[in-house]
Amino acid sequence: MKTNVKPIILAVGLGLLLLAPQKSSGFYNPSTGQWISRDPLGEEAAQNLSSFVCNDSVNLADAFGLATIRVGFGFDQSAGMDHLTLGLIEAQISTFQSLLAKCCEMTCCKNYDKAKWCNIDIKRVFDSNRKNKPLPPGKVYNLDDAAIVAFVTASIGNINVKSAAQVVVLITRASISQTWDGTKVSPNGNTFPTGILLKIATAQASALAHETGHVVKYVGDASDKVHSTEADNVMSRSGGSNPDCQWCDKVAGLAK
Ligand SMILES: [Zn+2]
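Numbering (our numbering), first residue to last: 1053 to 1308.
The following block contains the structure:
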């Protein structure tokens, strides 16, 4: 059966969860669910972390006037909106933010408008309704099956904060399986036409930044043309820790 969705993009690789420093002075302590130091740019996140369960917060105000990338998170029935899951999300956001900070420091980029790469704030918006984002049959996102691709595409499309976000992410703790170059693999994230599916428990901390690169149609140099062959590049197959000019330019272009 043919499907009209675009090819699914694979993020392979297991990695350690690294607690990267938040922009400026804020550090998140996942064991307490608190920001260790106060960071004015992190206030919205801190408020969401403490109150989101009863407050489906979509804060469109930006008192600091920064260009903002809003990431809209929905959760399927496998992913509890608990401090453990949210701590992992914060690690993803922190890594994403630190990569953008590296963009701002980059000096090697010609032919780019670097002015827009600095002072970008990442905010989160949450959809607490998990009922319209059920688990797939068998509780496995088997992405070789067109029906499951349609299922997960629809579930991502049901994230009700999508209109307020530039990037939409469905968080799961279920399994993802896919055949890649003839071999069955278990990716931690995939990019769909409507957004990202992220297996939060096992994804390395750069997975959100990596998949966002696919959302903005990063053009790679690997054989599949969507990844970088530089191992330390965030757009490598394994998800490195450095951005390149193209990632910076395309991702910064999301900010509003
Ligand atoms: Zn990828």
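Using N, Cα and C, we set each Cβ at its ideal position, and we do this for glycine too.
Annotation for residue 1232: the continuous beta strand (DSSP E) segment containing it runs 1227 to 1232. About 5 Å separates the beta carbons of residue 1260 and residue 1148, which is inside the 8 Å limit, making them a contact pair. Rounded to whole angstroms, the separation of the alpha carbons of residue 1201 and residue 1151 is 30 Å. Comparing C-alpha distances from residue 1168 to each of 1119, 1270, 1291 shows the shortest one belongs to 1119.
Secondary structure at residue 1216: helix, using DSSP grouped into helix, strand and coil. By the Cβ criterion, the segment 1227 to 1236 is not in contact with the segment 1264 to 1273, since fewer than three pairs of Cβ atoms, one from each stretch, lie closer than 8 Å.
Nearest C-alpha to residue 1244 among 1301, 1193, 1305: 1193. Between the alpha carbons of residue 1262 and residue 1182 lies a gap of roughly 25 Å. In terms of Cα proximity to residue 1130, the closest of 1239, 1227, 1206, 1157 is 1227. Ranked by how close their Cα comes to the Cα of residue 1125, the residues 1189, 1162, 1248 have 1248 in first place.
1300 is the residue among 1300, 1284, 1223 whose C-alpha sits nearest the C-alpha of residue 1266. Residue burial annotation: residue 1142 is buried, with at least 16 other C-beta atoms found within 10 angstroms of its C-beta. Taking the Cα of residue 1223 as reference, the smallest distance to any Cα among 1121, 1216, 1209, 1199 is reached at 1209. The alpha helix (DSSP H) runs of length 4 or more contained entirely in the segment 1111 to 1182 are, from start to end of the chain, 1135 to 1157. Apart from sequence neighbours up to five positions away, the residues of its chain that approach residue 1207 with a beta-carbon distance below 8 Å are 1126, 1128, 1184, 1185, 1186, 1222, ordered along the chain. By the criterion of a C-beta distance shorter than 8 Å, residue 1277 is surrounded in its chain by 1271, once the five residues flanking it on both sides are discounted. For residue 1218, the CB contacts under 8 Å within the same chain, skipping 5 residues up- and downstream, are 1121, 1122, 1123, 1306, 1307, 1308 in chain order. Nearest C-alpha to residue 1154 among 1139, 1171, 1191: 1171. In this structure, the CA atom of residue 1304 is about 19 Å from the CA atom of residue 1246.
In its chain, beyond the 5 residues on either side, 1188 have a beta carbon closer than 6 Å to the beta carbon of residue 1203. Just so you know, the alpha carbons of residue 1164 and residue 1191 end up roughly 44 Å apart. Per DSSP, the continuous alpha helix (DSSP H) segment holding residue 1302 begins and ends at 1297 to 1304. The segment 1232 to 1285 is shown to contain whole beta strand (DSSP E) runs of 3 or more residues at 1235 to 1237, 1241 to 1244, 1247 to 1251, in chain order. Under DSSP, no beta-bridge partner is assigned to residue 1200.
Residue 1187 has no beta-bridge partner at all, per DSSP.
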